[in-house]
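Single-structure report; data block below.
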Amino acid sequence: MKKYLFRRLLQLIPLLIGVSLISFFIMHLAPGDPTALFIDPNVKPEELMRVRANWGLDQPVYIQYFVWLKNAVLLDFGRSYTTGQPVMAEIAERLPMTLLLMIPSFVLTLLITIPIGVISAVKKNSWFDNLFTVLSFAGMAIPTFWLGLMLMLLFSVQLHWLPAVGNIVLPLITMTIGSLAGLTRYQRAAMLEILNQDFIRTARAKGLPERIVIFKHALRNALIPTVTILGLTLPDLFGGAFIIETIFAWPGMGRLGVQSIFQRNYPMIMGIVMFSALLIVLGNLLADLGYAWVDPRIRYEKK
Amino acid sequence: MRKNKLAIFGFCVLLFFVVCAVIAPIIAPYSPEEIVESQTLAPSWHHLFGTDDLGRDIFSRALFGARISLTVGFVAVVIAILVGTLLGALSGYYGGLIDSLIMRFVDVMLAFPSIFLILAIQVMLTPNIYNVMVVIGLTSWMGVSRLVRGEFLRIRELQYVEAARAIGCSDLRIIFRHILPNAQAPIIVAATLGMAGAVLTESALSFLGLGVQPPMPSWGNMLMDSQAYMRDAPWMAIIPGLLILLTVLSLYFIGEGLREKLDVRS
Chain A
1 MKKYLFRRLL
11 QLIPLLIGVS
21 LISFFIMHLA
31 PGDPTALFID
41 PNVKPEELMR
51 VRANWGLDQP
61 VYIQYFVWLK
71 NAVLLDFGRS
81 YTTGQPVMAE
91 IAERLPMTLL
101 LMIPSFVLTL
111 LITIPIGVIS
121 AVKKNSWFDN
131 LFTVLSFAGM
141 AIPTFWLGLM
151 LMLLFSVQLH
161 WLPAVGNIVL
171 PLITMTIGSL
181 AGLTRYQRAA
191 MLEILNQDFI
201 RTARAKGLPE
211 RIVIFKHALR
221 NALIPTVTIL
231 GLTLPDLFGG
241 AFIIETIFAW
251 PGMGRLGVQS
261 IFQRNYPMIM
271 GIVMFSALLI
281 VLGNLLADLG
291 YAWVDPRIRY
301 EKK
Chain B
1 MRKNKLAIFG
11 FCVLLFFVVC
21 AVIAPIIAPY
31 SPEEIVESQT
41 LAPSWHHLFG
51 TDDLGRDIFS
61 RALFGARISL
71 TVGFVAVVIA
81 ILVGTLLGAL
91 SGYYGGLIDS
101 LIMRFVDVML
111 AFPSIFLILA
121 IQVMLTPNIY
131 NVMVVIGLTS
141 WMGVSRLVRG
151 EFLRIRELQY
161 VEAARAIGCS
171 DLRIIFRHIL
181 PNAQAPIIVA
191 ATLGMAGAVL
201 TESALSFLGL
211 GVQPPMPSWG
221 NMLMDSQAYM
231 RDAPWMAIIP
241 GLLILLTVLS
251 LYFIGEGLRE
261 KLDVRS
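Chains as they are written, first to last, in the numbering used here: chain A, 1 to 303; chain B, 1 to 266.
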């Protein structure tokens, strides 16, 4: 297990380098110069040269990359073009706000999705199942940003229950509904598959009450794929954060990311891309490990 | 049976939207880009969906927006399918080093927060309708390539492929004439669901101002200014979103229906 973990962690290195290469070159090969957005166009050419040298923009792109990479290995992602603060410090400042949205949303999603998925599977083709099938498709089809707008319209503009910005409830609901729908379908499918297995038939055949068959025999196994998919929904949650935080003016990392993109704040964009990519690949890794951990069959095979 | 009904519903809605998009110039009562009335008029018989913040007819804009949004979604998914199928086929057919290289590249692409990558590219390029299609296409092929690779791995071991090889068919012929047609079903399902995703991505991009550029209407960019007029003109926010929702929902229903019909595992 340790060896496996070590190998998997090693594999992350080329992956992250790949991510950094692609994003770095996309940004730096783009036409135009970021200084144009930050520096007064009437400034003296010498002054402009000085700023460009200061930001390292006078070097060839590949040298800029290696300088960036060397510093990034030491967790130094440079300074934000707009504020002059270290990128890491800004991310560290904004991250708690994003986690404040993501973690409760994650927990809520689980609490809602598992019972609905399980009941839908057990009562397949009932009105309950049909209702939630259509609802979860609608949940997947609804554009996240529009869901946010509609919640704002209903609860802030019409009912005056909640302020449109600066309150956690609406962004939290938006984020949760976004991830809820797909997971519910997934949980239902997992449970359905388990219910068709031989050991369930055996459990029923030996006369166990249905309650025990469902909760003890079926549910425990049906939760295995859920563990995996949870790690895999992390990128979606993160992607959602960029848009949701922007609409609700939530001062987290996602909003910072979108603002940095509009400002062409290269060091900031690189920092956020790398940070998100790291979270995504660690999420995938955790999913794989969690999968092995909850399912003894996999754990023993891997030895 | 139930899925079937949903798929038929989806097909009818989508067909209706496509027809509306095609005949938009004939049925649109006003020009989509011209100011025809006072600003933010509520829906009425003269302006079915009301007017927007500049006084343009939202119904006409929605019709022309359908053209843009559906075209962008369609072209983007065609690009994703072409790239994904090609790379997946090479990967699955040849295996070895080619497979490792392509699959590592897929891993890298999947490690990006995709919406962030798309936004970043769009800012760097000048956003326009063609860039939107290409960028969405080039950032959403990874699922398809994994799927096609899996199909190729399975099919290339079948006897008829061995037979084709024995009679001296070239690799290209085996890939495109013998294996690919048998891997069609999951690709069709992925394309349908992929188009749903592309329509959603376009709308989010355009909403943020990085997709289809005004005055050209797309359902996403019609929502761009709606947030500021939520109190006075809620229809500006409600209608384009509903159209996106219905389109994407229909595509999901069709995709799931096809999945069942063609017997494709999810």
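Backbone N, C-alpha and C fix where the C-beta goes; we use that ideal spot for every residue, glycine too. Note that the structure is predicted; figures quoted are calculated from it, not measured.
In the DSSP assignment, what are the bridge partners of A:Arg79? A:Pro86
By how many angstroms is the C-alpha of A:Val169 removed from the C-alpha of A:Thr176? 11 angstroms
Measure the C-alpha to C-alpha separation of B:Val135 and A:Lys123 and round it to an integer number of angstroms. 43 angstroms
Beta carbon of B:Met195 nearer than 8 angstroms to that of B:Leu251: yes
Please state the DSSP three-state secondary structure of B:Thr51. strand
Own chain residues within Cβ distance below 7 angstroms of A:Arg199, not counting five before or after: The residue you asked about is not Arg; residue 199 of chain A is Phe in the sequence shown. Answer for A:Phe199: His217, listed in chain order.
If we define contact as Cβ-Cβ less than 8 angstroms, is B:Val248 a contact residue for chain A? yes
To the nearest angstrom, how far is it from the Cα of A:Leu111 to the Cα of A:Gly117? 11 angstroms
Which of helix, strand or coil DSSP assigns to A:Asp295: coil
Contacts that B:Ala120 makes with chain A (C-beta to C-beta distance below 8 angstroms): Ser23, Ile26, Met27, Ile261, Ile269 and Val273
Under the three-state DSSP convention, the category B:Asp263 falls into: coil
Give a yes or no on whether the C-beta atoms belonging to B:Asn239 and B:Ile58 are separated by under 8 angstroms. The sequence given here has Ile at residue 239 of chain B, not Asn. Yes, these two residues count as a Cβ contact at 8 angstroms.
According to the neighbour-count rule (16 or more other Cβ atoms, all chains shown, within 10 Å of its Cβ), is B:Leu262 buried or exposed? exposed
Classification of A:Leu69 by the beta-carbon crowding that lies within 10 angstroms, buried from 16 upward: exposed
Should A:Lys302 be flagged as near chain B, meaning a C-beta pair shorter than 8 angstroms? Its pLDDT being 49, under 50, A:Lys302 is placed unreliably in this model, and the value from its coordinates should be taken loosely. No, A:Lys302 does not count as interfacial toward chain B.
Sort A:Leu9, A:Leu159, A:Asp76 and A:Glu210 by Cα distance to A:Glu90 and report the nearest one. A:Asp76
For A:Phe238 and chain B, any beta-carbon pair shorter than 8 angstroms? yes
Among B:Val148, B:Gln159 and B:Phe105, the one whose alpha carbon lies nearest that of B:Leu82: B:Val148
First through last residue of the alpha helix (DSSP H) which encompasses B:Met195: Gln184 to Phe207
When the Cα atoms are used, what is the spatial distance from B:Leu138 to A:Phe215? 44 angstroms
Using a Cβ cut-off of 8 angstroms, which residues of the stretch 9–21 of chain A contact any Cβ in chain B, in chain order? Pro14, Leu15, Leu16, Gly18 and Val19
Taking 8 angstroms as the CB-CB cut-off, is B:Arg231 touching chain A? yes
Integer Cβ distance of B:Ile129 from B:Val77, believed to fall under 8 angstroms: Actually they do not touch by this definition, with Cβ atoms about 15 angstroms apart.
List the residues of chain B whose Cβ lies closer than 7 angstroms to the Cβ of A:Gly257, in chain order. Phe116
Look at B:Ala111 and A:Val73 and say whether their C-beta atoms are less than 8 angstroms apart. no
So, with DSSP's three-state summary, where would you put B:Leu246? helix
Let me know the secondary structure DSSP gives A:Asp129 once reduced to three states. helix
Unbroken alpha helix (DSSP H) run spanning B:Ser145, endpoints: Met142 to Ile155
Rounded to whole angstroms, what is the Cα-Cα separation between B:Gly220 and B:Pro32? 15 angstroms
Using a Cβ-Cβ cut-off of less than 8 angstroms, list which residues of the stretch 63–82 of chain A approach chain B; keep chain order. none
Given a limit of 9 angstroms on CB to CB distance, which residues of the stretch 252–263 of chain B reach chain A? Tyr252, Phe253 and Glu256
Would you be able to state if there are at least three C-beta pairs under 8 angstroms between the stretch 189–207 of chain A and the stretch 217–237 of chain A? yes
Could you name the residues of chain A that B:Phe207 contacts, counting a contact when the two beta carbons are closer than 7 angstroms? Phe145
Return yes when the Cβ of B:Ile68 is within less than 8 angstroms of the Cβ of B:Ser285, no when it is not. Because chain B spans 1 through 266 in this model, residue 285 of chain B falls outside it and cannot be assessed.
Neighbouring residues, chain B, relative to A:Phe242 (Cβ below 8 angstroms): Pro113, Ile115, Phe116 and Leu119
To the nearest angstrom, how far is it from the Cα of A:Gly240 to the Cα of A:Leu100? 14 angstroms
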